[in-house]
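Reading through the structure tokens given below for one structure.
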């Protein structure tokens, strides 16, 4: 048997029959007898087919954040070799046209017959949408037999943008300063981030979080940081919080977030006046007090910081002091002191109202005033006060009972002078009495006043108030001097005198000296012989006067 035509194992008829060609042969004799035999021809393959790709050129798009080892998505490439067995074996490799060397790998590298081609990403770090040199790749897939390229397909790979870039700030932290006195809406600064991604992935929104973030407002598109609107009160207060540590975040359209720390330092302003610890101060002192017991301090604090005086406060008395400056305040520690004894009657209401000012050391200075009420209390248990420290009177020593000597008077500092009573407490010796109500001192009934015995009396007089708790007493002295009166007769040193003289005694001769004493002050005694004069002889018989003997005139 011979073939009339060329045989091709890849002919569909043969190929579909497994490479076999089956037919019948009939042999017939001349007499008509015949026989039929089945003939099978096996068509053996020869390497006469080249590998053929299903596509000559394919365009593939891949995201830039694809992982290493991932097949190119959407690549539907098949290479077929119509031969059989080893004749259908071929090899595959990638031939770089633009930038793809080392970026992709092929599987399988050796194939037989019909084989899908898989291209994998070998180095995803080389894929970068944002880099023009890394955003497009062009290469061939080469099929070779016996080491010789026999067919190829061109692959165009375009890198599509993926959200592979998070927003980037220039610094990992930022610090800003703003005065505590700025109003709401004040622009502190603008903080921006960059995102290399394109389209929606490169769109950034900004936000601010952290303790105290509500004090600030961020424009989520522009990145501008403002002072928030806190209503009637100021948002920022150095005395409440000096620094805010916040987290500032940039979020791109793909959800990637980058955060940095921002510090907002609040600059101190002298926006706080000194603040007293009380709404007012009140103190009561006794009349005559020269100091407060316990000491009186006013206290004010200033919340401003070191740049505005560091809380230093200075004190002064602005109003209410007396012309002679009865009160003084220590400028540094605020101690109020009394400079002289205080009197109840110095002020109509018995209360001094001082206006004390506290001034801080900031720039400009701020002040606060407070009232200090100092009430002078009346001592309701004070002793009476005599109008004179001592009294003096002179009376004749023969003054009669009831004779007025003098009248003492005392005031009650507690106000009820009418209720003061008086009493003699010493020195009267029953010679003087006192009217308890009026304070008049008179000679007592039965008094024995004798200047020659007691020329002077020192009386102790007491004034007693009518205190309801304890009756208070004051004393004074009354000196009563007795004036001399000629109320005593002279007294001879003897009741009688006896003297014998001679009748021949010459005229003018001293016969007898008599003496008398008068106890009255400055007594001036005059002696004289008074009638009747009697004469007696030695026997005691009385002699009668005669014209010849005038015994009355015998002596002088």
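In this note's numbering, the protein residues as written are -9 to 546.
Positions of the beta carbon are idealized from the N, C-alpha and C atoms, including for glycine.
As the structure is a prediction and not an experimental result, all values here were calculated from the model.
Residue 519 burial status per 10 Å Cβ neighbour count (16 or more: buried): As a first step, residue 519 must be located in the chain shown, where it is residue number 529. With fewer than 16 Cβ atoms within 10 Å of its Cβ, residue 519 is classed as exposed.
Sequence-distant residues of the same chain with beta carbon closer than 7 Å to residue 402, five excluded per side: One-based indexing of the chain shown puts residue 402 at position 412. Contacts found: 374, 409, 410, 455.
For residue 334, three-class secondary structure by DSSP: Here residue 334 refers to the residue found at position 344 when the chain shown is read from its first residue. Residue 334 falls in the helix class under three-state DSSP.
Spatial neighbours of residue 422 in its chain, beta-carbon cut-off 6 Å, leaving aside the 5 residues before and after: By 1-based counting over the chain shown, the position of residue 422 is 432. Answer for residue 422: 431, 434, listed in chain order.
Whole-angstrom distance between residue 534 and residue 523, CA atom to CA atom: One-based indexing of the chain shown puts residue 523 at position 533. One-based indexing of the chain shown puts residue 534 at position 544. If you take the alpha carbons of residue 523 and residue 534, they lie about 10 Å apart.
Residue from 22, 21, 31 whose Cα sits closest to the Cα of residue -9: Locating residue -9 in the chain shown gives position 1, counting from the first residue. Comparing Cα-Cα distances from residue -9 to each of 22, 21, 31, the minimum goes to 31.
For residue 297, the three-state DSSP class (helix, strand or coil): Stepping through the chain shown from its first residue, residue 297 is reached at position 307. It is helical.
Residues bridged to residue 533 [DSSP beta-bridge criterion]: If you number the chain shown from 1, residue 533 lands on position 543. Beta-bridge pairing links residue 533 to 525.
The segment 312 to 325 contacting the segment 224 to 241, beta-carbon criterion three pairs below 8 Å: Flag = no, the segment 312 to 325 and the segment 224 to 241 do not touch.
Sheet register partners of residue 396 (DSSP bridge): The residue you call residue 396 lines up with position 406 of the chain shown. Its beta-bridge partners are 431.
Pairwise C-alpha distance: residue 243 and residue 55: As a first step, residue 55 must be located in the chain shown, where it is residue number 65. As a first step, residue 243 must be located in the chain shown, where it is residue number 253. Each residue's Cα considered, the two are about 15 Å apart.
Those residues which DSSP pairs with residue 367 across a bridge: As a working mapping, residue 367 is identified with position 377 in the chain shown. Answer by DSSP bridge pairing, in chain order: 276.
Check: residue 388 C-beta below 8 Å from any heavy atom of the ligand PLP: Judged by which ligands are present, the structure shown has none, so any question about the ligand PLP falls away.
Buried or exposed (CB count within 10 angstroms, at least 16 for buried), residue 132: The residue you call residue 132 lines up with position 142 of the chain shown. Buried is the call here.
Residues near residue 330 in its chain [Cβ-Cβ closer than 6 Å; skip 5 each side]: To locate residue 330, count along the chain shown from 1; it is residue 340. These residues qualify, in order along the chain: 316.
From 260, 276, 251, 343, residue whose alpha carbon lies closest to that of residue 303: As a working mapping, residue 303 is identified with position 313 in the chain shown. Considering only alpha carbons, the answer is 260.
Span of the beta strand (DSSP E), counted from its first residue to its last, around residue 82: Reading the chain shown from its first residue, position 92 is the one you call residue 82. Its beta strand (DSSP E) spans residues 79 to 88.
Where residue 143 falls: helix, strand or coil (DSSP): Translated into the one-based positions of the chain shown, residue 143 becomes position 153. DSSP places residue 143 in strand when its eight states are reduced to three.
Segment limits, beta strand (DSSP E) that includes residue 181: Within the chain shown, residue 181 is the residue found at index 191, counting from 1. In the DSSP assignment, residue 181 falls outside any beta strand (DSSP E), carrying neither H nor E.
Residues that residue 18 bridges to, as DSSP identifies them: Residue mapping note: residue 18 aligns to position 28 of the chain shown, counting from 1. In DSSP, residue 18 forms a bridge with 24.
Whole runs of the beta strand (DSSP E) within the segment 426 to 506, excluding any shorter than 3 residues: 430 to 433, 446 to 454, 463 to 473
Neighbourhood of residue 163 by C-beta, 8 Å cutoff - its chain only, sequence neighbours within 5 removed: Position 173 of the chain shown, counted from the first residue, corresponds to residue 163. Excluding residues within five positions, the ones whose Cβ falls inside 8 Å are 250, 251, 252, 253.
N-terminal and C-terminal residue of the beta strand (DSSP E) that residue 53 is part of: Residue 53 sits at position 63 when you count from the first residue of the chain shown. It spans 47 to 53 - the beta strand (DSSP E) in which residue 53 sits, taken as one unbroken run.
For residue 547, the three-state DSSP class (helix, strand or coil): Because residue 547 is not part of the residues shown, which for the chain are -9 to 546, the question remains open.
DSSP state of residue 359 mapped onto helix, strand, coil: Within the chain shown, the letter at position 369 stands for residue 359. Three-state DSSP puts residue 359 in a strand.
Whole-angstrom distance between residue 468 and residue 380, CA atom to CA atom: For this step, residue 380 is matched to residue 390 along the chain shown. For this step, residue 468 is matched to residue 478 along the chain shown. Between residue 380 and residue 468, the C-alpha separation is close to 6 Å.
Cβ-Cβ distance between residue 158 and residue 185 below 9 Å: Here residue 158 refers to the residue found at position 168 of the chain shown. Here residue 185 refers to the residue found at position 195 of the chain shown. In contact: residue 158 and residue 185 (Cβ atoms closer than 9 Å).
Whole-angstrom distance between residue 80 and residue 63, CA atom to CA atom: Stepping through the chain shown from its first residue, residue 63 is reached at position 73. Stepping through the chain shown from its first residue, residue 80 is reached at position 90. Straight through space, the alpha carbons of residue 80 and residue 63 are spaced by roughly 24 Å.
Helix, strand or coil at residue 353 [DSSP, three-state]: By 1-based counting over the chain shown, the position of residue 353 is 363. Residue 353: coil per DSSP, three-state reduction.
For residue 126, three-class secondary structure by DSSP: Looking up residue 126 in the chain shown gives position 136. If DSSP states are grouped into helix, strand and coil, residue 126 belongs with the strands.
Straight-line Cα distance separating residue 117 from residue 110: Taking the chain shown and counting its residues from 1, the one referred to as residue 110 is at position 120. Taking the chain shown and counting its residues from 1, the one referred to as residue 117 is at position 127. For residue 110 and residue 117, the distance between alpha carbons rounds to 13 Å.
Residue 264 burial status per 10 Å Cβ neighbour count (16 or more: buried): The residue labelled residue 264 in the question sits at position 274 within the chain shown. Buried.
Coarse secondary structure for residue 205, derived from DSSP in three states: Against the chain shown, residue 205 aligns to sequence position 215. In the displayed model, residue 205 falls within a helix according to three-state DSSP.
Own chain partners of residue 247 with C-beta closer than 8 Å, once the 5 adjacent residues on each side are dropped: Sequence index remark: in the chain shown, residue 247 carries index 257 (1-based). Answer for residue 247: 156, 157, 239, 240, 241, listed in chain order.
Contact belief for residue 170 with residue 226 at Cβ below 8 Å, rounded distance in angstroms: Start at 1 with the first residue of the chain shown, and residue 170 comes out as number 180. Start at 1 with the first residue of the chain shown, and residue 226 comes out as number 236. Rounded, the Cβ-Cβ distance is 4 Å, consistent with contact.
Beta-carbon proximity check, residue 594 vs residue 215, cutoff 9 Å: The structure shown does not extend to residue 594, since the chain spans only -9 to 546, so no value can be given for it.
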